[in-house]
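To keep things clear, I will list the structure first and then write my remarks on it.
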Amino acid sequence: MNEPNPAIFLHAVERRYRQGEATLDILTGAELAVWAGQSVALIGPSGAGKSTLLHIAGLLEHPEAGEVYVEGTPTSRLSDGERTRIRRTEIGFVYQFHHLLPEFTALENVMLPQLIRGLSRKEARVRAAELLGYLGLKERVQHRPSELSGGEQQRVAIARAVANAPRILLADEPTGNLDPKTSGHVFGALTQLVQASGLAAIIATHNMELAARMDRRVTLQDGRVVELT
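Letter by letter, the sequence shown follows residues 3 to 231 of this note's numbering.
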């Protein structure tokens, strides 16, 4: 059964950019609700607005109109401090490039967001090791990013994104830099984690084969979210 409130709900969201004298409408009344434990593939060509939608869902950008509800709470009128707190505690981000800190081990990279949140080193180490083990990296926890393959680096990035047990995971082309076989492994780990932890996930991807493995598929048409069958 679905929860009463979606984990994240974009309601009538509008976003436009100025280009010289012209106005570019990116989102025009976009609606998208995602519940806990549900994975949604966001499909569409470059320039369709996928990244913009993810940035607004992740409270990194403000829409011109509409509302973003996180666990039923409207966020548009919240202070910057409150929005930052929600990003830190409720939302995990995975990008196309892993953005791991090169001087730290895989374990330390996953510990860092937990330490920033205030967990003890012991608690952070235990959770980081559990997550990396779950993602098949038990033997690689002491390796630095340069010693890991592309797929391993991206799995560390996924572990880091969920280290603080967020309710929502937003991923922007998380397998875009990987070969097809590695993409399949990383995507499998990601969807397995979503199901096991009850995350609500929106994952932008060009890969229709990977998108087919998710619970729902949506695209953007004329600035609106359209459900695909």
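A virtual CB, placed ideally from N, CA and C, is assigned to each residue, including glycine.
Requested in this report: Return the residue from the list Pro176, Val72 and Gln194 that minimises the CA-CA distance to Arg87.
Outcome: The residue labelled residue 87 in the question sits at position 85 within the sequence shown. Arg87 has its Cα closest to that of Val72, out of Pro176, Val72 and Gln194.
Query - Three-state secondary structure (DSSP) of Phe189 - result: In the sequence shown, the residue the question calls residue 189 occupies position 187. In the structure shown, Phe189 sits in a helix (DSSP, three-state: H, G or I).
Query raised in the report: Considering only C-alpha positions, which residue in the set Glu63, Leu80 and Ala59 is nearest to Val70?
Result: To locate residue 70, count along the sequence shown from 1; it is residue 68. For Val70, the nearest C-alpha among the options comes from Ala59.
Report task. Specify, as a first and last residue, the run of the beta strand (DSSP E) that Thr221 falls within. Result -> Residue 221 sits at position 219 when you count from the first residue of the sequence shown. Thr221 -> beta strand (DSSP E) spans Arg218 to Gln223.
Query raised in the report: Can the beta-carbon of Ala213 be found closer than 7 Å to that of Val158?
Result: Residue 213 sits at position 211 when you count from the first residue of the sequence shown. Residue 158 sits at position 156 when you count from the first residue of the sequence shown. Against a cut-off of 7 Å, the Cβ pair of Val158 and Ala213 comes out as no contact.
Query raised in the report: How many whole angstroms separate the CB atoms of Thr207 and Ala43, which I take to be in contact at a CB cut-off of 8 Å?
Result: Translated into the one-based positions of the sequence shown, residue 207 becomes position 205. Translated into the one-based positions of the sequence shown, residue 43 becomes position 41. That belief holds up - the Cβ atoms of Thr207 and Ala43 are roughly 6 Å apart, short of 8 Å.
Query raised in the report: Near Ala32, what residues of its chain come up, given a Cβ to Cβ distance below 7 Å and the 5 sequence neighbours on each side ignored?
Result: The residue given as residue 32 occupies position 30 in the sequence shown. Answer for Ala32: Leu12, Val15, Leu55, Gly225, Arg226 and Val227, listed in chain order.
Query raised in the report: Going along the chain, which residues of its own chain have a beta-carbon closer than 6 Å to the beta-carbon of Asp217, five neighbours each way excluded?
Result: The residue labelled residue 217 in the question sits at position 215 within the sequence shown. Correct list, in chain order: Gln40 and Ser41.
Report task. Flag this pair as touching only if the stretch 104 to 122 and the stretch 132 to 151 have three or more C-beta atom pairs under 8 Å; answer yes or no. Result -> yes
Report task. Along the alpha helix (DSSP H) that carries Ala108, what are the first and last residues, could you check? Result -> Here the question's residue 108 lines up with position 106 in the sequence shown. Counting along the chain, the alpha helix (DSSP H) containing Ala108 begins and ends at Ala108 to Arg119.
Report task. Identify every run of the beta strand (DSSP E) within the stretch 162 to 212, keeping only runs that are complete inside it and at least 3 residues long; order them along the chain. Result -> 170 to 174 and 202 to 207
**Report entry** Same chain only: Cβ atoms within 7 Å of Gly51, ignoring 5 sequence neighbours per side
**Finding:** Along the sequence shown, read from residue 1 onward, the residue named residue 51 stands at position 49. Ile28, Leu29, Leu222 and Gly225, listed in sequence order.
Report task. Decide if Met3 is buried, meaning its Cβ has at least 16 other Cβ atoms within 10 Å, or exposed. Result -> Taking the first residue of the sequence shown as position 1, residue 3 is located at position 1. Residue placement at Met3 is flagged as unreliable, the pLDDT there being 44, under the threshold of 50; a coordinate-derived value is accordingly withheld.
Query raised in the report: Which value, in whole angstroms, describes the spacing of the CA atoms of Leu201 and Pro176?
Result: Here residue 201 is taken as the residue at index 199 of the sequence shown, counted from 1. Here residue 176 is taken as the residue at index 174 of the sequence shown, counted from 1. Looking at the two C-alpha atoms, the distance is approximately 16 Å.
Requested in this report: Please determine if the stretch 160 to 176 and the stretch 92 to 105 are in contact, where contact requires at least 3 C-beta pairs separated by less than 8 Å.
Outcome: yes
Query - First and last residue of the uninterrupted beta strand (DSSP E) at Glu23 - result: Residue mapping note: residue 23 aligns to position 21 of the sequence shown, counting from 1. Neither: Glu23 is in no beta strand (DSSP E) and is coded neither H nor E.
Query raised in the report: What's the gap between the Cα of Leu180 and the Cα of Gln155?
Result: Taking the first residue of the sequence shown as 1, we reach residue 180 at position 178. Taking the first residue of the sequence shown as 1, we reach residue 155 at position 153. Computed Cα separation, rounded: 11 Å.
Query raised in the report: Nearest CA to the CA of Gly135: which residue from Ile160, Leu114, Ile45 and Pro6?
Result: For the purposes of this step, residue 135 is identified with residue 133 of the sequence shown, where counting begins at 1. When each option's Cα is compared against that of Gly135, the closest is Ile160.
Query raised in the report: What are the boundary residues of the alpha helix (DSSP H) that Ala130 is part of?
Result: To locate residue 130, count along the sequence shown from 1; it is residue 128. It spans Arg123 to Tyr136 - the alpha helix (DSSP H) in which Ala130 sits, taken as one unbroken run.
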